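Note sheet for the following structure.
In the working numbering, the protein residues as written are 353 to 921.
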């Protein structure tokens with residue numbers, strides 16, 4: 353009877369572990385697909401950012417062309433006199449297309465009638481008012497988007513930009529330019545996103561980075577389906593994403609394939625580890641059940657429930673500890689393991705995002721630096737000409753170049769973390785230096801710095817920490833606006849240095865709370881969506897945390913924490 357009872361109790365105790373193994377084998381494939389979906393989404397986000405940035409650059413080129421002497425003077429003559437030197441205009445825009453590597457260029461009058469084309473110079477006089485970009489431009493609006501255009505009898509997917517041509521306070525014409533999304537651009541995007549790419553426009557493959565043949569069924573995937581495929585012996589997940597124009601209409605589909613061999617290896621190893629841990633739990637139950645059935649079985653029940661919840665993806669689980677014995681220690685270790693898994697999962701996600709962004713930055717910096725050097729040198733030459741006629745052009749190009757320079761500088765910082773020197777330092781010294789630097793704001797009442805204790809010892813790099821604080825303060829001052837106030841508070845709470853930066857601005861919107869640290873997300877007209885990413889990367893490099901919330905009494909609050917030096921937390 354006793355043996356039967358013990359066997360029944362043993363079997364009952366072992367069943368949760370067996371259930372956990374079964375659940376694990378069902379959940380693991382879902383975890384694989386979830387991580388693959390996340391990588392695909394991250395790749396598409398990077399690709400969208402590339403198209404957005406290219407559109408901004410094209411818009412700058414369109415502005416320069418619209419303010420050029422030949423185009424603006426010809427359009428003014430056509431508007432005021434009813435005729436103009438059409439040959440001169442066509443020659444000029446054909447030359448411009450060659451100089452700046454454009455594939456599409458149209459100039460229209462205010463009614464949308466085509467006066468000149470760079471890609472097909474002999475076709476003129478038809479109405480382009482049905483073109484959504486021309487429609488925006490002749491109404492005085494600048495716009496850039498993706499679109500499909502007919503070029504030499506073929507439908508092509510392009511990155512487009514259009515701008516009005518102004519004379520005083522009225523529009524005298526419009527300029528629309530574009531560049532075809534070809535295999536060169538797809539290969540550049542492959543380097544940024546680490547993904548294989550196929551562009552499909554109107555059912556026709558326009559470009560591909562895939563070497564060799566690809567399963568034809570994959571080329572026509574619906575937008576909500578992920579399909580597996582093997583390329584060169586590696587596992588890939590493919591998904592199709594729509595590329596839409598400014599009105600939301602689909603322009604083309606981009607097929608993205610990401611390698612998942614590493615994900616499969618990690619999940620398989622994790623599955624084996626959990627399975628071994630479950631087997632160990634069953635063996636432990638066999639050993640302990642002979643000595644104390646009551647409390648031991650209850651503790652095992654709690655542990656089994658905890659394992660099942662962890663296997664189901666709930667990493668915030670905590671197991672109650674009944675006795676301070678072996679099972680109690682196991683429950684304590686389980687709680688530590690679950691907390692560590694939860695923290696590690698978030699760290700992996702954060703580092704993967706930052707890694708993708710750093711790779712993008714590493715690819716983009718040389719692509720931006722060389723053209724910017726050339727632009728800056730040519731701007732210097734233009735400035736030295738002292739010609740009033742080109743001053744507006746100079747100012748327009750200089751403004752756009754400055755934005756690109758700032759973007760290149762931020763990308764450069766993102767790739768420069770190899771020189772971070774983590775060492776014991778006094779955070780109080782850095783705060784006192786910042787008091788001197790922000791003395792003007794402090795004296796005017798726009799800022800207050802509160803240091804709870806004179807010495808706050810942490811492990812860090814003073815230069816990079818100051819950069820992170822300056823970025824957060826810059827955003828706080830911009831949010832507060834004239835007459836606002838920013839509070840910078842430093843305190844010590846339970847072994848951590850806590851830095852709180854609060855402003856009196858409008859606070860974070862719901863959208864900002866979700867996307868504030870997402871690459872290229874910005875609420876500022878001249879922002880690039882990378883400065884707060886930079887600040888967060890610095891904090892993470894120091895094993896710190898950064899959180900955002902609404903400030904009590906209005907405004908926004910950013911909280912940064914670092915472990916104090918020499919303390920075990």
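Glycine included, each C-beta is placed from N, C-alpha and C at the ideal position. This one's a predicted model, so the numbers in the text were calculated from it and none came from an experiment.
1. Does the structure place the region 411-426 close enough to the region 386-400 that three or more beta carbon pairs sit under 8 Å?
2. What is the DSSP secondary structure of residue 594, counted as helix, strand or coil?
3. Report the CB separation of residue 559 from residue 551 in whole angstroms; it is logged as a contact under 8 Å.
4. Report the rounded CA-to-CA distance for residue 612 versus residue 594, giving the unit in angstroms.
5. So for residue 888, helix, strand or coil by DSSP?
6. Which residue marks the beginning of the alpha helix (DSSP H) containing residue 784, and which one marks its end?
7. Could you give the first and the last residue of the continuous alpha helix (DSSP H) run that contains residue 478?
8. Determine, using beta-carbon pairs with one atom in the region 508-521 and one in the region 566-582, whether at least three such pairs fall under 8 Å.
9. Check whether the region 533-543 and the region 438-448 touch, using three or more Cβ-Cβ pairs below 8 Å as the test.
10. What residues in its chain sit with their C-beta under 6 Å from that of residue 902, if we drop five residues either side in the sequence?
11. Have a look at the DSSP bridge pairing and note the partners of residue 331.
12. For residue 825, which option in 857, 503, 498 has the closest C-alpha, if you only look at C-alpha atoms?
13. How about residue 528 and residue 468: are their beta carbons less than 8 Å apart?
14. Identify, in the order they occur along the chain, each residue of the same chain with its Cβ nearer than 7 Å to the Cβ of residue 541, setting aside the five sequence neighbours on each side.
15. In this structure, how does DSSP classify residue 671 when only helix, strand and coil are distinguished?
16. Per DSSP, which one or two residues make a beta bridge with residue 553?
17. Between the C-alpha atoms of residue 388 and residue 623, what's the straight-line distance to the nearest angstrom?
18. Write down the C-beta distance between residue 561 and residue 410 rounded to the nearest angstrom, noting that I regard them as a contact closer than 8 Å.
19. Is it buried or exposed, residue 909, if we count other Cβ atoms within 10 angstroms and call 16 or more buried?
20. Identify, in the order they occur along the chain, each residue of the same chain with its Cβ nearer than 7 Å to the Cβ of residue 829, setting aside the five sequence neighbours on each side.
21. Return the chain-ordered ranges of every beta strand (DSSP E) run that is complete within the region 443-476 and spans a minimum of 3 residues.
22. With residue 405 and residue 452 assumed to form a contact (beta carbons below 8 Å), what rounded beta-carbon distance in angstroms separates them?
23. Could you pull the DSSP bridge partners for residue 915 from this structure?
24. Does DSSP classify residue 581 as helix, strand or coil?
25. For the putative contact between residue 480 and residue 446, defined by C-beta atoms under 8 Å, what is the C-beta separation to the nearest angstrom?
26. With DSSP run on the structure shown, which of helix, strand or coil describes residue 381?
27. Based on Cα-Cα distance, which residue from 911, 381, 547, 661 lies nearest to residue 592?
28. Suppose the cutoff is 8 Å on Cβ atoms and the five residues either side in sequence are ignored; what does the same chain contact list for residue 685 look like?
29. Which two residues bound the contiguous beta strand (DSSP E) that contains residue 677?
30. For the beta strand (DSSP E) containing residue 421, name the first residue and the last one.
31. Contact check, residue 916 vs residue 817 under 8 Å by CB: the rounded distance?
32. Take the Cβ of residue 483 as the centre, count every other Cβ of all protein chains shown within 10 Å, and call the residue buried at 16 or more, exposed below.
33. What residue ranges within the region 489-536 form continuous alpha helix (DSSP H) runs of no fewer than 4 residues, ordered along the chain?
34. Excluding five sequence neighbours on each side, which residues of the same chain lie with their C-beta closer than 6 Å to the C-beta of residue 614?
35. Kindly identify the DSSP beta-bridge partner or partners of residue 901.
36. Bridge partners of residue 589, per DSSP?
The short version:
1. Flag = no, the region 386-400 and the region 411-426 do not touch.
2. Residue 594 carries a strand assignment under DSSP once its states are collapsed to helix, strand and coil.
3. So it is a contact: roughly 5 Å between Cβ atoms.
4. Cα to Cα, residue 612 sits roughly 22 Å from residue 594.
5. If DSSP states are grouped into helix, strand and coil, residue 888 belongs with the helices.
6. Counting along the chain, the unbroken alpha helix (DSSP H) around residue 784 starts and ends at 779-789.
7. Segment: none, residue 478 is in no alpha helix (DSSP H) and carries neither H nor E.
8. Touching, no.
9. Short answer: they don't touch.
10. Within its own chain, the residues whose Cβ lies closer than 6 Å to the Cβ of residue 902, once the five positions on either side in sequence are excluded, are 859, listed in chain order.
11. Any question about residue 331 goes unanswered here, given that the chain covers just 353 to 921.
12. When C-alpha distances from residue 825 are compared across 857, 503, 498, the shortest belongs to 857.
13. Taking 8 Å as the Cβ cut-off, residue 528 and residue 468 do not qualify as a contacting pair.
14. 399, 402, 549.
15. Coil at residue 671, not helix or strand.
16. The partner list for residue 553 (beta bridge, DSSP) reads 556.
17. About 17 Å.
18. Contact flag wrong, Cβ pair sits at about 22 Å.
19. Buried: at least 16 other Cβ atoms inside 10 Å.
20. Closer than 7 Å at Cβ, skipping near neighbours: 838.
21. With a minimum length of 3 residues, the unbroken runs of beta strand (DSSP E) contained wholly in the region 443-476 fall at 456-460, 466-469.
22. A Cβ-Cβ separation of about 16 Å leaves residue 405 out of contact with residue 452 under the 8 Å criterion.
23. DSSP, once it has assigned bridges, lists 848 as partnering residue 915.
24. DSSP, reduced to helix, strand and coil, places residue 581 within a strand of the structure shown.
25. That belief does not hold up - the Cβ atoms of residue 480 and residue 446 are roughly 18 Å apart, past 8 Å.
26. Residue 381: helix per DSSP, three-state reduction.
27. Residue 547 is the option with its Cα nearest to residue 592.
28. The beta carbon of residue 685 sits closer than 8 Å to no other beta carbon from its chain once the five residues preceding and following it are set aside.
29. Per DSSP, residue 677 is not a residue of any beta strand (DSSP E), being assigned neither H nor E.
30. Per DSSP, residue 421 is not a residue of any beta strand (DSSP E); the alpha helix (DSSP H) it occupies stretches across 421-432.
31. Distance from residue 916 to residue 817 at the Cβ level is roughly 14 Å; contact not present, criterion being Cβ atoms closer than 8 Å.
32. Burial check for residue 483: the Cβ neighbour count within 10 Å reaches 16 or more, so the residue is buried.
33. Within the region 489-536, no complete alpha helix (DSSP H) segment of 4 residues or longer occurs.
34. So no residue of the chain qualifies.
35. Note: residue 901 sits in a beta bridge opposite 909.
36. In DSSP, residue 589 forms a bridge with 580, 610.
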